[in-house]
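Chemist:
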Amino acid sequence: MPETKELARHRRERIWMWIQLMPVMTVLVVLFGGALVLGVAQSLGFAPWFGVNTFPDFSYFAALWGDVFFWKSLGLTLYYAIVATLLSLVFGILLALALVRTFPSKTLYKYLYKLPLMIPYTVGIALAVIMLGNGGMLSRLMAFTGFIDDPSQFPQILKTHMGWGIIAVYVWKQTPFVALTIYAVLLGVGRETEEAAAILGANKRQIFFQVTLPQILPGIISSTLIIFAFNIGAFEAPFILGGGFPDTLPVVAWRYFNDADYTLQLQGMATVVSIALVAGVILYSYLAFYRRYERRIGRN
Amino acid sequence: MRKTLLSLSVIGSLMAGTALAQDATAFRDGFVAGDVSWEDVQTRAKEEGEINLYYWGGSDKINIWMDSVAVPALAAEGVKLNPVRITGTKDAVDLVLAEKGAGKGLGEGSVDAIWVNGENFATLKRQDALLGAFADKLPNSVNIEWNPEDPRALLNLRDFGVETNASEMPWSGQQYVCAVNTARVSGDAPSTFDGMMSYLEANPGKFTYVKPPHFIGNTFVQAAMYAHNPDGNGAVPFQASIGEMGAAELARLITPGFEYLKALEPHLLGAGGTARYPEDPKALDGLFLNGEIDFSCQFGLYGVATGLRDGTYPEGAEQFVFPEGNMIKNKNYLVIPGNAPNPAAAMVMANYMASVDSQATKLEIAGMPPGIDPWRLSAEDSAKLDAASPGLVGVTQADLDANTAPDTNATLVDVIEATWLEYIERDSSESIEAIVANAVANLK
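Protein chains in written order, with this note's numbering: chain A, 457 to 756; chain B, 169 to 612.
Encoded structure:
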């Protein structure tokens, strides 16, 4: 059978495509892929620079996963990430729905709500410490006005395993992000379908769950994917506002890396790889689930 | 042609690099052997031109002193001091070891000097990453007691029980001192661990200590071990290394202390729920200032005086003697790593840091007690140091001297720290013997 000859024009196009992809691919493969390979190798006992080389050695994972506190830490990590993501999602949708309507001073408000997006997480954490801490503004105001005798009697919000401080910072920062994404989707969709449903006699509930929600679902999926991935791997907020031992997994990893005993860094790397595994599995199944749903409703 | 030139220049620069390293090694060997005159060191330091000092940058007062006093003083000697502020001394140690691992030798690394003590020095020494015996050959080393016959020299010769061999220069001395907020505590502050327990039973949650493995937390734990030593001889057995002592003996010595800490835990800050331990001294200061705790223990002879001056301590703060007879005292040092890029400039810097002028201004501005020994100084210089002292609040120097204890051997600190994490933090149900044996086995 004669081989079909590739047209010169097609070949040129293909080469051009690869050239365009090169910069991104290089960064991904070399920096991200390289770090990933090195991380996995280290977690399996490859660290000749510390005089440790027992590759492949699964004892670091065995020690980690065999410890009940690893699972407690994982539970805490998931708890903070999921609760914060859900709360941000609910507030974000409400905000986006409000923004498509017209109300007085809307232009000003459209700038105001984006403010937390521009402020770094650490500043948000500092604000939480200043406002909500036991020596913070709220507790001092309460003591000043005589509700409590002493700032230290103020109920503990930060530094507990309930994690209200951590969740508050995440929600404060991520609600505008979710709102922004969904607002953009809503603008693209327009209001015609909602109006049509209303004319056909649907009530508000039905309009939201059967018309609006399916339309904004792509925005919901992409924004929750991003914030959940951040929340599960974030370090600063649980480190500063968390309740201490047992810590979330990123903090556990940091403690291993920061120990004077170098060999513990391998254990730390095993922790980091575990976080990546957990996050990867969750995000992958979330996406797979969503794809199936999309196919079922006939979207491609 | 161009290629040849290029390769020639590459070879040239490589050779220059090697020559530089050889030159630096020869200089180091000569200096350590005492063959290089101080003038030659100064000349070489000017050629090197700069020095990178890595130090914990968490104290504004020390940073201000460094920038406004030390930098100009060294500029006058023709050396540019680059203060590199780090959040943990271990970062600098990591850098030195990573560069050493990458084959960078003397003259080729990036760290000229680090402010260290204890475990970090022990790590550098164990990894053979020290420049060598330079500290007793500096002109200003006359201000420091090196004579091993004098018991007071112990703090200069041993760093947490590890022999310094003059490879680090004493820079400052510290004592673990507790402060009480007299606005909240009526009557005398407790002076023993038992007294603290009864106070907390009556006033739950009004005390906590910094969480080990932070060294300030470790020190509190060590003091508790000394005070509950079943042989009643306090710090004495804790000067031996773990190799000399053995795990079983250490477990016997620390069991009563750990039982005390375990019993104390439900009465600490957060009483009723889980005990809360602050991560670092800054967080501890915050708790003390807010009145969440009534006592605050950390290193700092003049911490209360300077804290009252700048408002980081509550107005009623006073120092007090706690725990009686076991107030741990140690020194901290400037070490030159074995792959320092500018060894001569580092020596000039270390020599300046050992001078009476720099020690007096450091004491006055940063509240850091002198690392040089007053009895080695002239009456005039000694008076200069006294005048610069911010002063003690509520205790006398004699009180402190009468209750001094030495620090714990660095190898034991690792084990005690690991035991705390296992027995107190993780609330392990294993016996202390098993935990200690395990920790010793894990120690590499």
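All C-beta atoms in this analysis are idealised placements derived from N, C-alpha and C, irrespective of residue type, glycine included.
1. Looking at the C-beta of residue 577/B, does it have a partner C-beta in chain A at a distance below 8 angstroms?
2. Nearest-angstrom Cα distance between residue 401/B and residue 457/B?
3. Does DSSP put residue 757/A in a helix, in a strand, or in coil?
4. So, residue 627/A versus residue 679/A, is the Cβ gap smaller than 8 angstroms?
5. Using a Cβ-Cβ cut-off of 7 angstroms (strictly less than) and excluding sequence neighbours within five positions of residue 672/A, which residues of its own chain qualify?
6. Of the choices 391/B, 377/B and 392/B, whose alpha-carbon is the least far from that of residue 385/B?
7. At 8 angstroms on the CB atoms, spell out the chain A contacts of residue 594/B, in chain order.
8. Buried or exposed: where does residue 659/A fall if 16 or more other Cβ atoms within 10 Å of its Cβ makes it buried?
9. Am I right that residue 342/B and residue 468/B are in contact with their C-beta atoms under 8 angstroms? What's the rounded C-beta distance?
10. In three-state terms, what does DSSP make of residue 340/B?
11. Could you give the distance in angstroms between the alpha-carbon of residue 654/A and the alpha-carbon of residue 755/A?
12. Per DSSP, what kind of secondary structure is residue 730/A in: helix, strand or coil?
13. Taking the DSSP output, what are the residues bridged to residue 487/B?
14. What number of angstroms, rounded off, separates the C-alpha of residue 184/B from the C-alpha of residue 267/B?
15. Given that residue 444/B touches chain A, what residues does it touch there, using C-beta distances under 7 angstroms?
16. Please determine, among 494/B, 263/B, 216/B and 260/B, the residue with the shortest C-alpha to C-alpha distance to residue 246/B.
17. With DSSP run on the structure shown, which of helix, strand or coil describes residue 567/A?
18. Looking at chain A, which residues of the region 459–473 of chain B have a Cβ within less than 7 angstroms of any of its Cβ atoms?
19. Three Cβ pairs or more, each shorter than 8 angstroms: is that satisfied between the region 325–339 of chain B and the region 496–503 of chain B?
20. Kindly indicate if chain B contains any beta-carbon less than 8 angstroms away from that of residue 605/A.
21. I need the straight-line Cα distance from residue 663/A to residue 556/A, nearest angstrom please.
22. Using a Cβ-Cβ distance cut-off of 8 angstroms, determine whether residue 659/A contacts chain E.
23. For residue 603/B, which three-state DSSP category applies?
24. Below 8 angstroms between beta carbons: does that hold for residue 623/A and residue 536/A?
25. Relative to the C-alpha of residue 551/B, which candidate in 566/B, 524/B, 586/B and 539/B has its C-alpha closest?
26. When you compare the CB of residue 169/B with every CB in chain A, is at least one pair closer than 8 angstroms?
27. Exposed or buried, residue 769/A, counting other C-beta atoms within 10 Å across all chains shown (16 or more means buried)?
28. Counting only the same chain and skipping the five closest in sequence on each side, list residues whose C-beta sits under 7 angstroms from that of residue 613/A.
29. For the beta strand (DSSP E) containing residue 500/B, name the first residue and the last one.
30. Restricting to Cα atoms, I'd like to know which of 459/B, 225/B and 581/B is closest to residue 328/B.
31. Which complete alpha helix (DSSP H) runs does the region 547–617 of chain A hold, if anything under 4 residues is left out?
32. At a cut-off of 7 angstroms, would you count residue 686/A as near the ligand NAD, judging by its Cβ distance to the nearest heavy atom?
33. In or out: residue 541/B buried (at least 16 other Cβ within 10 Å) or exposed?
34. Which class does residue 530/B belong to by DSSP, given the choice of helix, strand or coil?
35. Hey, quick one: how far does the beta strand (DSSP E) through residue 588/B stretch, first residue to last?
36. Rounded to whole angstroms, what's the CA-CA distance from residue 691/A to residue 521/A? Just pull it up for me.
Modeler: Short version:
1. Sequence index remark: in the second sequence, residue 577/B carries index 409 (1-based). Answer no: the Cβ-Cβ gap between residue 577/B and chain A never drops below 8 angstroms.
2. Working through the second sequence from its first residue, we reach residue 401/B at position 233. Working through the second sequence from its first residue, we reach residue 457/B at position 289. C-alpha separation (whole angstroms): 36 angstroms.
3. A query on residue 757/A cannot be resolved here, the shown segment of chain A reaching from 457 to 756 and no further.
4. Here the question's residue 627/A lines up with position 171 in the first sequence. Here the question's residue 679/A lines up with position 223 in the first sequence. Taking 8 angstroms as the Cβ cut-off, residue 627/A and residue 679/A do not qualify as a contacting pair.
5. For the purposes of this step, residue 672/A is taken as residue 216 along the first sequence, with counting starting at 1. Cβ within range, chain order: 638, 641 and 642.
6. Walking along the second sequence from the start, residue 385/B turns up at place 217. Checking every option, the nearest Cα to that of residue 385/B belongs to 377/B.
7. Here residue 594/B is taken as the residue at index 426 of the second sequence, counted from 1. Here the neighbours are 525 and 701.
8. Taking the first residue of the first sequence as 1, we reach residue 659/A at position 203. Exposed, by the Cβ-count rule.
9. Here residue 342/B is taken as the residue at index 174 of the second sequence, counted from 1. Here residue 468/B is taken as the residue at index 300 of the second sequence, counted from 1. Contact holds; Cβ gap of about 7 angstroms.
10. For the purposes of this step, residue 340/B is identified with residue 172 of the second sequence, where counting begins at 1. Correct three-state label for residue 340/B: strand.
11. For the purposes of this step, residue 654/A is identified with residue 198 of the first sequence, where counting begins at 1. For the purposes of this step, residue 755/A is identified with residue 299 of the first sequence, where counting begins at 1. For residue 654/A and residue 755/A, the distance between alpha carbons rounds to 24 angstroms.
12. Against the first sequence, residue 730/A aligns to sequence position 274. It is helical.
13. Taking the first residue of the second sequence as 1, we reach residue 487/B at position 319. Paired residues: 347/B.
14. Counted from its first residue, the second sequence places residue 184/B at position 16. Counted from its first residue, the second sequence places residue 267/B at position 99. Note that residue 184/B has pLDDT 49, beneath the 50 cutoff, so the model's placement of it is unreliable and the number below is only indicative. Distance between the alpha carbons of residue 184/B and residue 267/B: 19 angstroms.
15. Here residue 444/B refers to the residue found at position 276 of the second sequence. Near residue 444/B (Cβ distances below 7 angstroms), the residues of chain A are 615 and 700.
16. Counted from its first residue, the second sequence places residue 246/B at position 78. For residue 246/B, the nearest C-alpha among the options comes from 216/B.
17. Along the first sequence, read from residue 1 onward, the residue named residue 567/A stands at position 111. Three-state result, residue 567/A: helix.
18. 459 and 460
19. Pairwise C-beta distances place the region 325–339 of chain B in contact with the region 496–503 of chain B, as three or more of them are shorter than 8 angstroms.
20. Working through the first sequence from its first residue, we reach residue 605/A at position 149. Answer no: the Cβ-Cβ gap between residue 605/A and chain B never drops below 8 angstroms.
21. In the first sequence, the residue the question calls residue 663/A occupies position 207. In the first sequence, the residue the question calls residue 556/A occupies position 100. A direct Cα-to-Cα measurement between residue 663/A and residue 556/A gives close to 15 angstroms.
22. Here chain E cannot be found, since the structure's protein chains are A and B.
23. Here the question's residue 603/B lines up with position 435 in the second sequence. Here residue 603/B sits in helix by DSSP.
24. Looking up residue 623/A in the first sequence gives position 167. Looking up residue 536/A in the first sequence gives position 80. Yes.
25. Start at 1 with the first residue of the second sequence, and residue 551/B comes out as number 383. Ranked by Cα distance from residue 551/B, the options 566/B, 524/B, 586/B and 539/B are led by 524/B.
26. Position 1 of the second sequence, counted from the start, is the residue given in the question as residue 169/B. Confidence is the limiting factor: at residue 169/B the pLDDT is only 47, short of 50, which leaves the residue's position unreliable and the question unanswerable from this model.
27. Outside the displayed span of chain A (457 to 756) sits residue 769/A, for which this structure offers no information.
28. Taking the first residue of the first sequence as 1, we reach residue 613/A at position 157. Contacts found: 588, 620 and 621.
29. Numbered from 1 along the second sequence, position 332 holds the residue referred to as residue 500/B. Note, residue 500/B: beta strand (DSSP E), 495–503.
30. As a position in the second sequence, residue 328/B is number 160, starting the count at 1. The shortest C-alpha separation from residue 328/B is found at 581/B.
31. The region 547–617 of chain A is shown to contain whole alpha helix (DSSP H) runs of 4 or more residues at 562–568, 571–574, 577–588 and 593–600, in chain order.
32. Ligands are entirely absent from the displayed structure, and the ligand NAD is therefore not among its contents.
33. Position 373 of the second sequence, counting from 1, holds the residue named residue 541/B. With 16 or more other Cβ atoms within 10 Å, it is buried.
34. On the second sequence, position 362 is the one that residue 530/B refers to. Residue 530/B: helix per DSSP, three-state reduction.
35. Translated into the one-based positions of the second sequence, residue 588/B becomes position 420. Run containing residue 588/B: none in the beta strand (DSSP E); it sits in the alpha helix (DSSP H), 578–588.
36. In the first sequence, counting from the first residue as 1, residue 691/A sits at position 235. In the first sequence, counting from the first residue as 1, residue 521/A sits at position 65. Whole-angstrom Cα-Cα distance: 20 angstroms.
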